Amino acid sequence: MKKSIQWTWRDVVILLIVPAELLLGSLINTLGVTQNQMIATIAAFFIFFSGFLTAVLLRRDLLIADFRRYKQHLLKNIGLSLLGAVSFGIIIFLGRMLLMKPTGSLALGSYAAAISPSTTLSILISGVIPVLAPFTEEIVFRHELFYKWKDSKNLRVVMLLVSSILFGLVHYNNYSGTPIMMIPLMVAGLALAGLYYWSKNIWVNIMAHFFYNAVLSLIPSIFLIIVQLISG
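Residue numbers for the sequence shown follow the working numbering, beginning at 1 and rising by one.
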């Protein structure tokens with residue numbers, strides 16, 4: 001018997017997380033909060049931490065169940081996650097190369113504020129924000145907007161495309177609103193959806209996304225802090 005797709009208030013709230021984050025981020029800019037670097041960084045952290053916490057709490061049963069299976073074959077699954085992270089990076093890199101767009105400086109991940117932290121605290125916060133994003137984004141885009149539809153032959157491919165396109169579009173701030181530069185992220189979204197469909201474990205995706213964002217944000221932030229401390 002074909003299994004029907006069940007929707008609850010939790011699904012609605014989860015789908016509203018990313019739009020709410022984008023709206024609040026835009027509001028911060030409109031109110032001129034970004035003129036104060038520290039306040040803007042802290043405000044951005046609370047916005048995205050709230051989204052992270054909401055997604056994790058509402059999908060805690062899924063996360064707990066999948067994590068139990070993830071750690072049963074921990075080394076294998078970490079390897080899959082690392083492979084996913086490398087594939088993610090290669091897709092983004094090749095996409096930018098093909099589109100002949102200079103990459104410029106490293107972005108601070110999915111939701112990092114467009115600021116240049118001048119203090120140790122703001123550098124650390126700016127590095128942490130992007131490693132929260134994998135939890136929210138994988139739950140929203142890969143689980144809610146794709147995996148829940150995997151048993152529907154008619155909608156599976158449609159939602160694969162929809163989730164991947166939306167995943168690319170929500171990162172418009174990363175590329176100064178240049179639509180063509182979002183295409184590599186859309187392709188990366190397709191790859192991540194394929195990884196989830198094949199592994200059937202959301203933690204494989206979360207950790208792949210986490211590793212990728214950490215390399216671009218948390219690790220450089222820690223490095224900058226160390227340099228600051230050494231240089232005095």
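Glycine included, each C-beta is placed from N, C-alpha and C at the ideal position.
What you are looking at is a predicted structure, and each value in this text was computed from that prediction instead of being measured.
Residue i versus the options, residue with shortest Cα-Cα distance
{"i": "A188", "options": "N205, W149 and T34", "result": "N205"}
{"i": "F167", "options": "K71, F45 and F146", "result": "F146"}
{"i": "F48", "options": "P220, I28, V12 and A65", "result": "I28"}
{"i": "N77", "options": "Q37, A208 and V227", "result": "A208"}
{"i": "S239", "options": "M181, A191, T178 and N174", "result": "There is simply no residue 239 to check, as the chain begins at 1 and stops at 232 in what is shown."}
{"i": "I64", "options": "N213, I202 and I225", "result": "I202"}
{"i": "A44", "options": "I91, V128, I92 and L57", "result": "V128"}
{"i": "G89", "options": "L229, A214 and E137", "result": "A214"}
{"i": "A193", "options": "D66, L57, M159 and T136", "result": "M159"}
{"i": "L57", "options": "F135, V131 and L121", "result": "F135"}
Sequence-distant residues of its chain with Cβ nearer than 7 Å to residue i (five each side left out)
{"i": "G95", "result": "I183, P184 and V187"}
{"i": "I180", "result": "L99"}
{"i": "W149", "result": "I5, L155, R156 and M159"}
{"i": "L24", "result": "I47"}
Contact belief for residue i with residue j at Cβ below 8 Å, rounded distance in angstroms
{"i": "I5", "j": "S152", "result": "7 Å"}
{"i": "F211", "j": "A85", "result": "4 Å"}
{"i": "G221", "j": "I92", "result": "It should be pointed out that residue 221 corresponds to Ser in this sequence rather than to Gly. Actually they do not touch by this definition, with Cβ atoms about 19 Å apart."}
Inter-residue spacing [alpha-carbon to alpha-carbon] between residue i and residue j
{"i": "L22", "j": "L53", "result": "16 Å"}
{"i": "L218", "j": "S126", "result": "8 Å"}
{"i": "V157", "j": "T119", "result": "46 Å"}
{"i": "S50", "j": "R59", "result": "14 Å"}
{"i": "V18", "j": "T8", "result": "18 Å"}
{"i": "S69", "j": "E144", "result": "Before going further, note that residue 69 is Arg rather than Ser in the sequence given. R69 and E144: Cα-Cα distance of roughly 20 Å."}
{"i": "L62", "j": "D11", "result": "13 Å"}
{"i": "S34", "j": "L216", "result": "Here the sequence assigns Thr to residue 34, which means Ser is not the residue at that position. Spanning the two alpha carbons is a distance of roughly 22 Å."}
{"i": "I139", "j": "A55", "result": "7 Å"}
{"i": "S26", "j": "H73", "result": "42 Å"}
{"i": "S231", "j": "A133", "result": "31 Å"}
{"i": "Y175", "j": "A20", "result": "20 Å"}
{"i": "L161", "j": "P130", "result": "24 Å"}
{"i": "Q37", "j": "R142", "result": "33 Å"}
{"i": "L31", "j": "L16", "result": "22 Å"}
{"i": "Y172", "j": "I165", "result": "11 Å"}
{"i": "I39", "j": "I225", "result": "19 Å"}
{"i": "T277", "j": "M97", "result": "The requested residue 277 is not part of the displayed model; the chain covers only 1 to 232."}
Cβ neighbours of residue i in the same chain (closer than 8 Å, five flanking residues each side left out)
{"i": "L80", "result": "L195, S199, V204 and A208"}
{"i": "L83", "result": "A208"}
{"i": "V227", "result": "none"}
{"i": "Y197", "result": "F146, Y147 and K150"}
Chain-order list of residues whose beta-carbon lies under 6 Å from that of residue i (same chain, five-residue window excluded)
{"i": "V170", "result": "V18"}
{"i": "L75", "result": "none"}
{"i": "E137", "result": "none"}
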